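Student: Pasting a structure here, questions to come.
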Ligand code: GTP
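Residue numbers (the UniProt record's numbering): 8 to 605.
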């Protein structure tokens with residue numbers, strides 16, 4: 008009977024359409040959290056999420072809603088991220104639900120990730136509850152957006168909830184619709200335990216905390232559980248729900264969403280997507296897990312202090328626990344020493360990981376420019392995957408280089424189609440199709456090299472369309488390209504961490520651009536530093552960083568000591584995140600210089 012009163016749902020949306028704000032209002036209205044405790048976007052518990060105003064990790068909360076039919080319902084709300092880098096997290100949370108609330112901004116309408124995310128939900132057979140949010144905005148056009156939902160997505164939107172998460176309008180109606188439209192979970196309570204692990208975090212005191220959706224059976228403290236894929240067994244110490252703080256319960260049963268702790272210390276044992284069963288009475292078959300996500304971009308992460316290498320490894324292991332898409336492998340660089348080549352889903356993901364490493368683990372890091380994985384066919388018939396530009400083999404031994412392409416779907420108002428096509432063309436895109444969604448909006452599809460997408464495609468797209476275009480993309484295989492490796496020499500020494508790959512047609516221009524950018528980024532030192540860009544033995548660009556005239560502190564000698572200390576102190580701060588390569592001090596921005604081109 009309890010099961011009939013459970014509703015498990017996620018909220019999906021395009022970024023910034025108000026998902027987290029809506030979740031906050033729902034928590035408030037159900038008294039899950041008091042006004043006093045209410046902090047904006049409480050579900051975004053990471054500091055980083057709050058600062059950037061984006062959701063990165065999914066979160067599951069239990070709340071209780073007294074409906075108009077007089078019954079009390081148990082809601083499990085699973086918040087999901089909206090950014091394209093984190094689609095993976097969205098599909099994970101959807102697997103734990105029967106319904107999805109689809110939030111569409113009343114002023115922006117349906118956008119690329121609205122489509123991408125709602126299709127994930129439709130593929131999982133979830134019941135969709137559409138909400139048109141931000142109706143308080145003067146520019147809101149709810150009727151038009153209702154039509155868009157029907158035409159573009161192809162779902163009923165007649166009774167879409169008109170809401171303002173900001174002003175608290177429409178929240179109760181939404182909760183009623185969730186009660187009536189989203190089916191209660193099914194699943195035999197008597198059957199052997201089957202629970203899907205959709206997330207896990209490491210807690211210093213409790214060990215690994217598994218976030219689970221129980222599909223069948225029941226789990227209690229004291230039970231011996233087995234993780235079906237890894238085979239490892241543990242005794243359950245606690246089960247419970249987040250509301251949003253953890254609250255221990257006597258049991259979790261089929262239909263519930265909650266957590267399990269079992270003094271699991273070994274991070275390796277707990278893979279997201281695994282099935283938890285009862286060791287004494289195991290289920291026959293594991294639940295379908297998640298599709299493996301392959302990283303799309305790679306970058307080197309190095310501690311500025313080489314002694315911190317082991318700390319960095321431990322930190323990466325902990326982050327990987329609840330971020331299955333993160334990959335890393337030890338590597339070394341002549342310039343940067345020992346570090347890791349890390350794989351990410353995209354640039355935002357990379358940024359987030361770097362920032363979490365620095366904040367949560369107190370590490371000071373240098374990150375190299377991201378690169379995609381190239382497939383290299385060698386003249387001797389062998390093949391190689393190259394994730395680090397510095398490791399691209401000699402040109403003479405290469406037959407062909409293949410690079411990853413994405414199928415990019417760009418939704419844009421008519422007026423900006425020209426601008427989008429011009430940009431896609433410039434980024435080596437190949438036109439596929441163009442569809443009119445309605446009289447004013449177009450869906451343009453291009454095949455574009457992933458390396459161009461990760462550079463600055465999205466920023467350029469936004470600025471060339473005054474923010475109107477939205478983008479979604481998926482990997483679409485490899486194609487041969489005429490690519491070359493460009494090396495950078497500082498003071499005559501090749502700096503491996505600055506090497507990059509570019510299309511031959513753009514190589515000379517990129518080389519010049521980067522040489523002159525490095526000239527502005529690398530601080531002057533007390534000797535002149537030649538900067539060169541080369542392809543093989545050929546120099547394609549050169550410039551010089553002029554020497555200092557004289558020692559900045561020289562005239563302070565013997566004089567005011569505190570002033571001198573202050574000056575040195577200031578220089579020390581300025582030196583943060585610098586790496587000495589040979590005799591040259593290189594700041595972090597230099598390694599990112601290849602990313603920012605015009
Ligand atoms: P991600 O978590 O990054 O995917 O974004 P989100 O969809 O959760 O959006 P979020 O809730 O962070 O809201 C984005 C912005 O829209 C914030 O500045 C909110 O204050 C604002 N916003 C949300 N709901 C409303 C609304 O109903 N009306 C108005 N005017 N603004 C809103």
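Backbone N, C-alpha and C define an ideal beta-carbon position, used for all residues, glycine too.
As the structure is a computational prediction, the values presented were derived from the model and not from experiment.
1) Buried or exposed: which applies to residue 415, given that a residue is buried once 16 or more other Cβ atoms fall within 10 Å of its Cβ?
2) Can you say whether residue 443 is buried or exposed, counting buried as having 16 or more other CB atoms within 10 angstroms of its CB?
3) Do the region 31-38 and the region 116-125 meet, that is, are 3 or more Cβ pairs less than 8 Å apart?
4) Examine ligand 1 and report whether any of its heavy atoms sits within less than 8 Å of the Cβ of residue 358.
5) Closer than 6 Å by C-beta to residue 346: which residues in its own chain qualify, once you throw out the five before and the five after it? Chain order, please.
6) Under three-state DSSP, which class holds residue 20?
7) Quick one: give me the first and last residue of the beta strand (DSSP E) that residue 425 is part of.
8) Is DSSP giving residue 262 helix, strand or coil here?
9) Buried or exposed for residue 514, please, with buried defined as at least 16 other CB atoms from any protein chain shown within 10 angstroms of its CB.
10) Measuring only the C-alpha atoms, how far is residue 143 from residue 169?
11) Mapping the DSSP letters down to three states, classify residue 143 as helix, strand or coil.
12) Give me, in chain order, the residues of the same chain whose beta-carbon lies closer than 7 Å to that of residue 581; leave out the 5 immediate sequence neighbours on both sides.
13) Just how far apart, CA to CA, sit residue 338 and residue 349?
14) Closer than 6 Å by C-beta to residue 255: which residues in its own chain qualify, once you throw out the five before and the five after it? Chain order, please.
15) Taking the alpha-carbon positions, what's the residue 452 to residue 420 distance?
16) What are the start and end residues of the beta strand (DSSP E) that includes residue 379?
17) Could you work out which residue in 145, 318, 396, 107 is closest to residue 130 when comparing CA atoms only?
18) Residues in the same chain with beta-carbon distance under 6 Å from residue 177, minus the five sequence neighbours each way, listed in chain order, please.
19) Using DSSP bridges, identify the partner residues of residue 303.
20) Between residue 381 and residue 484, is the Cβ-Cβ spacing less than 9 Å?
21) Apart from the five residues on each side of it in sequence, which residues of its chain come closer than 7 Å, Cβ to Cβ, to residue 390?
22) Assign residue 387 to one of two classes, buried (16 or more other C-beta atoms within 10 Å of its C-beta) or exposed (fewer than that).
23) Hey, is residue 117 close to ligand 1, as in C-beta under 8 Å from one of its heavy atoms?
24) Could you check where the alpha helix (DSSP H) with residue 210 kicks off and where it finishes?
25) Which two residues bound the contiguous alpha helix (DSSP H) that contains residue 153?
26) Count the CB pairs spanning the region 177-191 and the region 200-210 that are closer than 8 Å, and state whether there are at least three.
27) Indicate whether residue 197 and residue 224 have their beta-carbon atoms separated by less than 9 Å.
28) With 16 as the cutoff for other CB atoms within 10 Å, does residue 490 come out buried or exposed?
29) Could you check whether residue 221 and residue 286 sit closer than 9 Å to each other, using their CB atoms as the reference points?
30) Going by DSSP in three states, residue 566 sits in which element: helix, strand or coil?
31) Beta carbon of residue 533, beta carbon of residue 591: below 9 Å?
32) Between which residues of its own chain and residue 305 is the CB-CB distance below 8 Å, once the five residues before and five after are set aside?
33) Tell me whether residue 554 is buried or exposed, calling it buried when 16 or more other Cβ atoms sit within 10 Å of its Cβ.
34) Assuming residue 126 is part of the alpha helix (DSSP H), what are its boundary residues?
35) Going along the chain, which unbroken runs of the alpha helix (DSSP H) with 4 or more residues stay wholly within the region 349-419?
36) What I want to know is whether the C-beta of residue 27 ends up closer than 8 Å to one or more non-hydrogen atoms of ligand 1.
Tutor: Looking at the coordinates:
1) buried
2) Around the CB of residue 443, fewer than 16 other CB atoms lie within 10 Å, so the residue is classed as exposed.
3) no
4) no
5) 307, 308, 309
6) strand
7) Boundaries for residue 425: no beta strand (DSSP E) harbours it, while the alpha helix (DSSP H) harbouring it runs 424-433, taken from the DSSP string.
8) Judged by DSSP in its simplified three-state form, residue 262 adopts coil rather than helix or strand.
9) buried
10) Between residue 143 and residue 169, the alpha-carbon positions lie close to 10 Å from each other.
11) coil
12) With a pLDDT of only 44 at residue 581, under 50, the local geometry of the prediction cannot be trusted, and no value is derived from it.
13) 10 Å
14) If the five residues before and after residue 255 are omitted, its C-beta is found closer than 6 Å to the C-beta atoms of 245, 247, all from its own chain and listed in chain order.
15) Taking the straight line from one Cα to the other gives about 14 Å.
16) Where residue 379 is concerned, there is no enclosing beta strand (DSSP E), given that its DSSP letter is neither H nor E.
17) 107
18) So the qualifying residues of the chain are 168, 169, 170.
19) According to DSSP, which records beta bridges pairwise, residue 303 is partnered with nothing at all.
20) no
21) Within the same chain, residue 390 has close Cβ partners 382, 383, 384.
22) exposed
23) Checking the Cβ of residue 117 against ligand 1 gives no.
24) Careful: residue 210 lies outside any alpha helix (DSSP H), inside the beta strand (DSSP E) at 201-210.
25) Membership of residue 153 in the alpha helix (DSSP H) is indicated by the continuous run 149-155.
26) no
27) yes
28) Burial state of residue 490 is buried, judged by a 10 Å Cβ sphere holding 16 or more other Cβ atoms.
29) The answer is no: Cβ separation not under 9 Å.
30) Unreliable placement is indicated for residue 566, whose pLDDT of 48 sits below 50; the coordinate value is still reported in the next sentence. Here residue 566 sits in coil by DSSP.
31) At a Cβ-Cβ threshold of 9 Å, residue 533 and residue 591 do not count as neighbours.
32) 348, 349, 350, 351, 377, 378, 379, 380, 394, 395
33) exposed
34) 119-130
35) 354-367
36) yes
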